Every structure is written in structure tokens, then in C-alpha cells.
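Asker: Sequential numbering from 25 applies to the sequence shown in my numbering. Ideal placement from N, C-alpha and C gives every residue a C-beta, glycine not left out. Computed from a predicted structure; not experimentally measured. Mind looking over this structure? Questions follow.
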Amino acid sequence: MPRSIDLPETLYHYTDSAGLLGILGNPVEFDGAPRNARYGSLWATDARYLNDTKELRFGTKLLASELEEQARDTARTPAVAERLLELARTVRAGTFEMTWHKDAHPATPFVTCFSSASKGDLLSQWRGYGDGGGGFALGFARSTLTKFYEVNTKLHDHGDPFGLFANQLLGGPDQVKYGRREARHLMMETASEMAADLEAVERGQKTLSWPDVFYLGSIEQLAKVKHKAFAEESEWRLITKDHGMEHPEFRAGKLGVIPYVKLFFQLSDAAGPAISEIVVGPGPEQSLRVDAVKRLLDKIGSSGTRVRRSKAPFRG
25 MPRSIDLPET LYHYTDSAGL LGILGNPVEF DGAPRNARYG SLWATDARYL
75 NDTKELRFGT KLLASELEEQ ARDTARTPAV AERLLELART VRAGTFEMTW
125 HKDAHPATPF VTCFSSASKG DLLSQWRGYG DGGGGFALGF ARSTLTKFYE
175 VNTKLHDHGD PFGLFANQLL GGPDQVKYGR REARHLMMET ASEMAADLEA
225 VERGQKTLSW PDVFYLGSIE QLAKVKHKAF AEESEWRLIT KDHGMEHPEF
275 RAGKLGVIPY VKLFFQLSDA AGPAISEIVV GPGPEQSLRV DAVKRLLDKI
325 GSSGTRVRRS KAPFRG
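Below, the structure written as C-alpha cells:
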């Protein structure tokens, strides 16, 4: 599927005090991981529970229409055309029922959000995600953004090597596309690539499980587009997919009980600290919060992380 190529030097994750402690407050170690490696974690939330009411639905008509357009290409074989049309119907319905296992539930993407706007000091982000200005923006270094891991805790509990129970998300975050024009271009590329893949499968040049691989590809692309009203956020998303048998964790949220999964990152390695800087929000008692963050970083062995104050003139 089409991917973003050039990652910014730093991407910022806005959070409140509880979120900061959840990310950095209790580092974990894994048997079989690099020696002395300690890991923090971010939460990737089921995309359907995020704050955009059109999440995963904004691009459905666009993707379905592009798949139908590909099916109308006279060069397509009847079998490929029919599968493109079947996929378009599934996309419109929005229920991606996995078939690889009889007990599999519908696939869904889990998302961790970052922003590239204003060097981690965007007022709307403080208001929306940074505890009304009393929170923090964690600046993740580019070298870290392709080194997040999903961890299969069942395999870890059985003592398997780190490489078996930890799946590295090699691609890193993708840049969100805003509005119909950008979304249509992405969906056009996606439909074209899916048509090419189906033809390659028919010729015996590729082995891709139908329809599961194409369902997973569809939900990933749908998670990359949003309404233009959110464009100021300059969002990048780290997307991981539930293949139909995973069991997420749950937390309380504005929509009730929210499914999420943990994505782990090494706090520091030879390239330096995973979080290059933390911006302390413009809310009350900023000096005290700066001091507390520095002490937390010292405790977890990440004193090389820069701490700076937001310059936004906002009391919160």
C-alpha cells in the first residue's frame, strides 16, 4: 500500500499527566531483548473510538468508487473484476469480516497519533489533547519512529526469544491526508495497487490470502484520511491492525470503555534518547511541572532528553 516516505526529524505526541506517567513512569524489560534495554509504551486506540465522528468512514465512498472504477477496466479478467466489486461492497458496508479463522472477529486498525505542527507547541493541540494546556508534548526522534514494537505477552510469558514475541513496526508513522482531494488521490493509488495485486495472484506471481489481506489493506488506508477540519493538527499515525483474533486491553474514556493495544519503544540506545525533548504545556504551575519532568527523566535514565516550556500565552 502507498506509504509516507520522509519522516520529520521529530513528531510530537500530546498527553496529560496520567498519560506521561503511563508512557514513561514504569519502564519494562523483556527477556531476550538487548542487554539493559528498558521500554516505555504508547497506547494505540481502536480508531473507531477517536474524536473524529467520521473516523474510518470519511474515505469509504472514495475507496469503493475507485475499486469499482478499476473493475470497469476492460483489461481486467472477470475473476479480478468480481473481486474488486466484492471488495468495494465490503468497503461501503464497513464490516471487514476476517475468514482465516472461524472465531475471528472483524478487523480494525489501532492508531497512535503524533503531530508535526509548530514544533510541539500548537494551542489547539494543548486544548484538545494536552489537558487544556496542563499537559506535555513528547517529541519522538526520527530514529525511534520506526522502532516501535507490538509485544505478544502470551509468547513472552512462555519465555520465547524477544524476536519471536515482539513485532517491529518497520514502516513508522504515515502522514494523514486531509479533505476529499488528498483522500481521493490516496484511494486511487490504493485501488490501483489492489487491482495489480489481484492480477498477480491470478497469474501465480504472488500469494495473498483473499479476502483477508485486502481487508487489512483497506482499513489501514481508511485510517490515513480525515476531514479537512482537522488539517491544522498535521497528524501522523502509527497504525497497527487487529487481524481478528487479538485481545486488546481496555481503559475508561469519553465514549465509555475504549479498546487499545500497547506499542513499546526502547527508552534509549546508541542513537540517543527515544524522546529528544518534552514540551511542558502553558497551563498553571509550569515551573513545577518542568521540575517534575526533569526528575522523572533522571529516574528512568533519560536525562539527555531536553525539557522546554511552551511559549503559548495561555493559562488553561
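Which class does residue 324 belong to by DSSP, given the choice of helix, strand or coil?
Answerer: Start at 1 with the first residue of the sequence shown, and residue 324 comes out as number 300. Three-state DSSP puts residue 324 in coil, outside helix and strand.
Asker: As a quick exercise: from 330, 46, 48 and 91, pick the residue whose alpha carbon is nearest that of residue 347.
Answerer: The requested residue 347 does not occur in the structure, where the chain is confined to residues 25 to 340.
Asker: So, helix, strand or coil for residue 221, using DSSP?
Answerer: Residue 221 sits at position 197 when you count from the first residue of the sequence shown. In this structure, residue 221 counts as helix in the three-state DSSP scheme.
Asker: Let me check understanding here. Comparing Cα to Cα, which of 295, 103, 262 and 305 lies closest to residue 197?
Answerer: Within the sequence shown, numbered from 1, the residue matching residue 197 stands at position 173. Answer by Cα proximity: 262.
Asker: Taking C-alpha atoms, which residue in 308, 62, 311 and 37 lies nearest to residue 169?
Answerer: As a first step, residue 169 must be located in the sequence shown, where it is residue number 145. Taking only the C-alpha atoms, the option nearest residue 169 is 37.
Asker: Pick helix, strand or coil for residue 28, following the three-state DSSP scheme.
Answerer: Here residue 28 corresponds to residue number 4 of the sequence shown, with the count starting at 1. Only weak support is given to the placement of residue 28: the predicted model assigns it a pLDDT of 49, under 50, and the value that follows is read from those uncertain coordinates. In the structure shown, residue 28 sits in coil (DSSP, three-state: anything other than H, G, I, E or B).
Asker: Since residue 272 and residue 158 should fall inside the 8 Å C-beta cutoff, what is the C-beta to C-beta distance between them, to a whole number of angstroms?
Answerer: Taking the first residue of the sequence shown as position 1, residue 272 is located at position 248. Taking the first residue of the sequence shown as position 1, residue 158 is located at position 134. Contact doesn't hold; Cβ gap of about 28 Å is too wide.
Asker: Out of curiosity, what's the CA-to-CA distance linking residue 322 and residue 215?
Answerer: Counting from one through the sequence shown, the residue named residue 322 turns up at place 298. Counting from one through the sequence shown, the residue named residue 215 turns up at place 191. Roughly 49 Å between the two C-alpha positions.
Asker: For residue 203 and residue 315, what's the separation of their Cα atoms in angstroms?
Answerer: Numbered from its first residue, the sequence shown carries residue 203 at position 179. Numbered from its first residue, the sequence shown carries residue 315 at position 291. So the alpha carbons of these two residues sit roughly 41 Å apart.
Asker: Please identify the residue among 136, 102 and 34 whose C-alpha is closest to the C-alpha of residue 285.
Answerer: Here residue 285 is taken as the residue at index 261 of the sequence shown, counted from 1. Checking every option, the nearest Cα to that of residue 285 belongs to 136.
Asker: Could you tell me which of 112, 45 and 101 sits nearest to residue 22, measuring between CA atoms?
Answerer: Here the chain covers residues 25 to 340 and nothing more, so residue 22 does not appear.
Asker: First and last residue of the alpha helix (DSSP H) that includes residue 113?
Answerer: On the sequence shown, position 89 is the one that residue 113 refers to. Per DSSP, residue 113 belongs to the alpha helix (DSSP H) from 102-117.
Asker: Take the Cβ of residue 311 as the centre, count every other Cβ of all protein chains shown within 10 Å, and call the residue buried at 16 or more, exposed below.
Answerer: As a working mapping, residue 311 is identified with position 287 in the sequence shown. Exposed is the call here.
Asker: Three Cβ pairs or more, each shorter than 8 Å: is that satisfied between the region 102-121 and the region 35-54?
Answerer: Flag = no, the region 102-121 and the region 35-54 do not touch.
Asker: For residue 124, count neighbouring C-beta atoms within 10 Å of its own C-beta (all shown protein chains included) and say buried if the count is 16 or more, exposed if not.
Answerer: The residue you call residue 124 lines up with position 100 of the sequence shown. Looking at its Cβ environment, which holds fewer than 16 other Cβ atoms inside 10 Å, residue 124 is exposed.
Asker: Given this structure, state the Cα-to-Cα distance separating residue 207 from residue 291, to the nearest angstrom.
Answerer: Numbered from 1 along the sequence shown, position 183 holds the residue referred to as residue 207. Numbered from 1 along the sequence shown, position 267 holds the residue referred to as residue 291. Distance between the alpha carbons of residue 207 and residue 291: 35 Å.
Asker: Comparing C-alpha positions only, which one of 152, 270, 34 and 303 sits nearest to residue 127?
Answerer: Sequence index remark: in the sequence shown, residue 127 carries index 103 (1-based). Considering only alpha carbons, the answer is 270.
Asker: How is the beta strand (DSSP E) around residue 237 delimited, first residue to last?
Answerer: Residue mapping note: residue 237 aligns to position 213 of the sequence shown, counting from 1. Per DSSP, residue 237 belongs to no beta strand (DSSP E); it is in the alpha helix (DSSP H), 236-246.
Asker: Whether or not the region 72-80 and the region 226-236 are in contact is what I'm after, with contact meaning three or more pairs of Cβ atoms, one per stretch, closer than 8 Å; do they touch?
Answerer: As far as the Cβ criterion goes, the region 226-236 does not touch the region 72-80, which means the pair count is below three.
Asker: Looking at the structure shown, is residue 139 part of a helix, part of a strand, or coil, going by DSSP?
Answerer: The sequence position of residue 139 within the sequence shown is 115, counting from 1. Three-state DSSP puts residue 139 in a strand.
Asker: Compare the Cα-Cα distances from residue 113 to each of 79, 235 and 99 and report the closest residue.
Answerer: Translated into positions along the sequence shown, residue 113 becomes position 89. When each option's Cα is compared against that of residue 113, the closest is 235.
Asker: Could you please give the first and the last residue of the uninterrupted beta strand (DSSP E) stretch that includes residue 98?
Answerer: Position 74 of the sequence shown, counted from the start, is the residue given in the question as residue 98. Note, residue 98: premise wrong, no beta strand (DSSP E); not H, not E.
Asker: Reducing DSSP to helix, strand and coil, say where residue 334 ends up.
Answerer: Along the sequence shown, one-based indexing puts residue 334 at 310. Here residue 334 sits in coil by DSSP.
Asker: Pull up the CB-CB distance for residue 34 and residue 195, whole angstroms please, since I reckon it's below 8 Å.
Answerer: If you number the sequence shown from 1, residue 34 lands on position 10. If you number the sequence shown from 1, residue 195 lands on position 171. Actually they do not touch by this definition, with Cβ atoms about 18 Å apart.
Asker: Mind checking whether residue 296 and residue 328 have CB atoms under 8 Å apart?
Answerer: As a first step, residue 296 must be located in the sequence shown, where it is residue number 272. As a first step, residue 328 must be located in the sequence shown, where it is residue number 304. In this structure, residue 328 lies closer than 8 Å to residue 296 by Cβ.
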